[in-house]
Amino acid sequence: MAQLSYREAVARGIAQEMQRDERVVVVGEDIAGAGGVFKTTGGLLERFGPKRVIDTPIAEQAILGAAMGAAMTGLRPVAEIMFSDFFAVCWDLVVNQMAKTRYMTDGQVTMPLVIKSGNGGGLRFGAQHSQSIENWAMAVPGLKVVTPSTPEDMVGLMAAAIRCDDPVLLFEHKALYSSKADVPDGPILDTLGTARVRRPGTDATVLALGLMVPRALQAAEALAGRGISCEVIDLRSLVPLDTSAVLDSVARTGRLFTVEENPRLLGWGAELASIVAHEAFWDLDGPVVRITSPHVPLPSADSLEDLVLPSAGRIEKEIVEAMGA
Amino acid sequence: MSGQRRHRDSPRMRRLAREAGVDLATVPPSGRHGRATPEDLAWAQDKRTAPAAPAASVLTPTAPVVTPAVLAGPAPAAALPSSSLLEIDVTAFLRRAAFDPAAVPPRTHLLAAAAGSLARAVSDRRLARLPAGPVDVDVDDDDGRAVAVTGADLLSVAGLCRMLASAGSAPPLTDGPPASVEVVGTGVFGTTVDVLPVRSGRAVALSVGPVVRRPVVVLGEDGQEQIGIRSMVWLALSVAGSIEPPDASALLARVGQDLRLTTGAGR
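Residue numbers (the numbering used here), protein chains in the order written: chain A, 14 to 338; chain B, 25 to 291.
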């Protein structure tokens with residue numbers, strides 16, 4: 014057991030799979046010699062060499078085009094899109110090619126590739142480098158969408174993503190890169206599509222993802238002092254989605270809150286609210302409440318960005334108001 | 025939704041009631057906004073299956089039966105008002121009232137708190153569609169002493185206590201028009217709960233029954249259910265036809281909740 018940072022866990026997860034399977038390669042801008050702009054691929058070049066750890070030009074379409082071709086011809090690439098906002102410039106490849114190839118070839122061609130990307134706000138990167146875009150990806154059939162929130166989950170889910178035969182978009186939250194936690198020694202393999210109960214509770218189910226997980230836990234701790242027991246569930250994966258974990262929890266608590274970093278309209282919580290309204294309506298003791306960023310571009314100013322993103326204080330306040338405590 | 029009432033109770037409560045074969049409209053609610061809770065439903069089920077009469081010792085009056093002044097007049101105009109019943113645990117309330125520096129008897133304190141709470145609830149026009157303005161309350165204590173309190177919704181419990189404690193010197197109720205709200209201590213009537221008629225000119229009548237110490241199921245500090253001896257009291261609220269039964273339930277729930285919260289009892 015060793016303490017590992019979230020950023021180190023990214024590299025460890027990739028290295029674990031590169032060691033295990035020589036078909037795994039890494040491509041991206043500044044990921045080799047520089048070890049990644051966010052230092053999430055440090056040491057891979059030295060350990061596995063330039064044929065498997067490949068720097069690319071500043072061209073997202075080229076990065077993903079190369080990765081897609083490699084995946085179609087027998088490799089298992091891990092491609093990095095530095096900021097998830099840049100998915101917008103290579104969305105045709107992701108949506109129309111990667112997501113549909115296996116379906117359109119009747120399974121004759123698989124697409125075993127991972128696109129890892131720095132995602133989310135809180136670091137004053139402004140409107141074009143801070144977006145939380147999991148909900149873009151989960152709207153596209155054929156893509157899998159994963160967002161680990163802890164170093165151990167990062168290692169295990171990265172490994173599971175690399176071993177998956179379908180394209181997986183793995184979002185690393187930029188504000189979590191420096192967070193640290195104990196991670197077991199040895200290989201770790203997790204399961205895509207499984208949620209984790211981070212804190213058990215009896216009065217309300219709180220769903221969170223990425224950076225919102227520690228904030229929801231902080232709010233739950235404060236709420237416990239006010240007599241409200243929250244069950245905090247880290248979804249970890251939006252596609253596949255662990256609906257049974259959510260429905261089981263709602264059946265026990267009768268209340269559902271989603272804590273979403275994405276702008277409000279059509280955020281992932283809207284889909285969860287829909288599922289619960291359909292399948293757990295008769296378990297609900299009150300309306301589903303979504304705690305989200307407002308539908309605005311993310312501001313650059315410190316104070317405004319802090320105002321927009323759900324904070325532990327806002328989560329606590331909105332839950333208290335909804336629970337009437 | 026025009027012409028229809030929105031559902032007050034949550035989907036879960038409606039499902040639980042459906043499974044239990046209980047009509048939620050018959051369950052006095054104690055939750056927020058006049059909503060029934062699982063505990064209310066359990067109470068309703070217990071009530072449905074329980075023997076009709078409680079133990080004889082509970083019914084034994086501890087003092088002579090006294091008819092309150094407000095009931096000594098002409099026969100009520102409405103013979104069968106709509107009524108809601110609620111039993112609440114006042115153990116903590118009485119414990120705190122016993123330390124009241126004003127030395128008001130705990131029973132007076134309970135009546136004052138109930139009267140103030142009901143007045144405030146009635147002043148909330150969402151629950152009782154009465155004319156705007158301060159809510160006047162006629163209060164009869166267990167001994168038949170009566171006091172008319174003008175603007176009871178604006179008075180503190182301490183102020184109400186003082187007024188009730190000096191009830192003997194208050195003007196008789198028959199001197200003026202009846203207040204819209206009437207609160208009667210029925211602690212010496214000899215029954216655990218008395219449903220009052222709503223007299224002509226009034227909108228709401230609340231009876232506060234005797235405090236009975238009896239075994240009830242309580243949650244222990246370890247979260248497990250256990251039997252405890254608690255001081256329980258029945259509240260019965262009758263309303264005139266101008267107030268809908270669900271609103272009457274909500275009024276009563278508010279009073280019950282206030283009496284619990286006033287003492288710092290848990291959620």
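Don't be surprised by glycine CBs; every beta carbon is placed ideally from N, CA and C.
State the Cα-Cα distance for the pair residue i and residue j, rounded to the nearest angstrom.
i	j	result
residue 139 of chain A	residue 53 of chain B	50 Å
residue 167 of chain B	residue 118 of chain B	19 Å
residue 94 of chain A	residue 143 of chain A	13 Å
residue 247 of chain A	residue 320 of chain A	23 Å
residue 96 of chain A	residue 19 of chain A	16 Å
residue 78 of chain A	residue 106 of chain A	7 Å
residue 81 of chain A	residue 332 of chain A	44 Å
residue 159 of chain B	residue 175 of chain B	5 Å
residue 337 of chain A	residue 38 of chain B	20 Å
residue 304 of chain A	residue 218 of chain A	13 Å
residue 65 of chain B	residue 276 of chain B	16 Å
residue 211 of chain A	residue 178 of chain B	47 Å
residue 172 of chain B	residue 216 of chain A	43 Å
residue 61 of chain B	residue 297 of chain A	13 Å
residue 90 of chain B	residue 144 of chain B	No answer about residue 90 of chain B holds up, because its pLDDT of 35 lies below 50 and its placement is not dependable.
residue 266 of chain B	residue 300 of chain A	31 Å
residue 46 of chain B	residue 287 of chain A	29 Å
residue 266 of chain A	residue 214 of chain A	8 Å
residue 27 of chain A	residue 67 of chain B	59 Å
residue 261 of chain A	residue 245 of chain A	13 Å
residue 250 of chain A	residue 239 of chain B	50 Å
residue 142 of chain B	residue 17 of chain A	60 Å
residue 56 of chain A	residue 172 of chain A	17 Å
Going by beta-carbon coordinates alone, are residue i and residue j separated by less than 8 Å?
i	j	result
residue 261 of chain B	residue 228 of chain B	yes
residue 258 of chain A	residue 167 of chain A	no
residue 234 of chain A	residue 184 of chain A	no
residue 312 of chain A	residue 318 of chain A	yes
residue 35 of chain B	residue 295 of chain A	yes
residue 328 of chain A	residue 263 of chain A	no
residue 273 of chain B	residue 108 of chain B	yes
residue 56 of chain B	residue 32 of chain B	no
residue 252 of chain B	residue 112 of chain B	no
residue 388 of chain A	residue 275 of chain A	Not covered by the structure: residue 388 of chain A. The range shown for chain A is 14 to 338.
residue 206 of chain B	residue 162 of chain B	yes
residue 209 of chain B	residue 282 of chain B	no
residue 230 of chain B	residue 110 of chain B	no
residue 169 of chain A	residue 198 of chain A	no
residue 108 of chain A	residue 76 of chain A	no
residue 255 of chain A	residue 137 of chain A	no
residue 106 of chain B	residue 263 of chain B	yes
Near residue i, what residues of its chain come up, given a Cβ to Cβ distance below 7 Å and the 5 sequence neighbours on each side ignored?
i	result
residue 79 of chain B	Only weak support exists for where residue 79 of chain B lies, its pLDDT of 34 falling under 50; the value from the coordinates is given anyway. For residue 79 of chain B, where only same-chain residues beyond five positions count, there are no Cβ hits under 7 Å.
residue 252 of chain A	151, 156, 157, 158
residue 46 of chain A	58, 68
residue 37 of chain A	30, 31, 89, 91, 175
residue 73 of chain A	94, 99, 102, 103
residue 285 of chain A	220, 259, 271
residue 242 of chain B	250, 252, 254
residue 13 of chain A	No information on residue 13 of chain A is available, as it lies outside the stretch 14 to 338 that chain A covers here.
residue 69 of chain B	44, 46
residue 322 of chain A	134, 135, 274, 306
Using a Cβ-Cβ cutoff of less than 6 Å, which residues in the same chain neighbour residue i once the five nearest sequence positions on both sides are dropped?
i	result
residue 194 of chain A	163, 164
residue 331 of chain B	In the structure displayed, chain B extends from 25 to 291; residue 331 of chain B sits before or after that span and is not available.
residue 44 of chain A	54, 93
residue 112 of chain A	153, 155, 156
residue 211 of chain B	166, 234
residue 326 of chain A	none
residue 243 of chain A	214, 217, 219, 233, 236
residue 85 of chain A	122
Report whether the distance from the Cβ of residue i to the nearest heavy atom of the ligand MG is below 7 Å.
i	result
residue 246 of chain A	No copy of the ligand MG occurs in the structure displayed, which carries no ligand at all.
For residue i and chain C, any beta-carbon pair shorter than 8 Å?
i	result
residue 337 of chain A	This model lacks chain C altogether; the protein chains it does include are A and B.
Can you list, in chain order, the residues of its chain whose CB lies under 8 Å from that of residue i, leaving out five sequence neighbours each side?
i	result
residue 181 of chain B	133, 136, 137, 140, 286
residue 70 of chain A	42
> Taking three-plus beta-carbon pairs below 8 Å as touching, is the stretch 285 to 293 of chain A in contact with the stretch 108 to 128 of chain A?
Replying inline: Taking one beta carbon from each stretch, the stretch 285 to 293 of chain A and the stretch 108 to 128 of chain A have fewer than 3 pairs nearer than 8 Å; the two do not touch.
> Counting pairs of Cβ atoms below 8 Å between the stretch 172 to 183 of chain A and the stretch 225 to 241 of chain A, do you hit three or more?
Replying inline: Flag = no, the stretch 172 to 183 of chain A and the stretch 225 to 241 of chain A do not touch.
> Using a beta-carbon distance cut-off of less than 8 Å, what residues from the stretch 33 to 44 of chain B approach chain A?
Replying inline: Residues of the stretch 33 to 44 of chain B with a C-beta less than 8 Å from any C-beta of chain A: 34, 35, 36, 37, 38, 39, listed in chain order.
>> To be precise: take each residue of the stretch 278 to 303 of chain A, compare its Cβ to all Cβ atoms of chain B, and keep it if any distance is under 8 Å. Which residues remain?
In response: Here the close residues are 294, 295, 296, 297, 298, 299.
> If contact means a Cβ-Cβ distance below 9 Å, which residues of the stretch 120 to 133 of chain A contact chain B?
Replying inline: Residues passing the 9 Å Cβ filter: none.
>> So if I threshold CB-CB distances at 8 Å, which residues from the stretch 239 to 267 of chain A count as touching chain B?
In response: Cβ contacts with chain B come from 240, 267.
> What are the residues of the stretch 44 to 68 of chain B that lie near chain A, defined by any Cβ-Cβ distance shorter than 7 Å?
Replying inline: Under the 7 Å Cβ criterion, the stretch 44 to 68 of chain B contributes 56.
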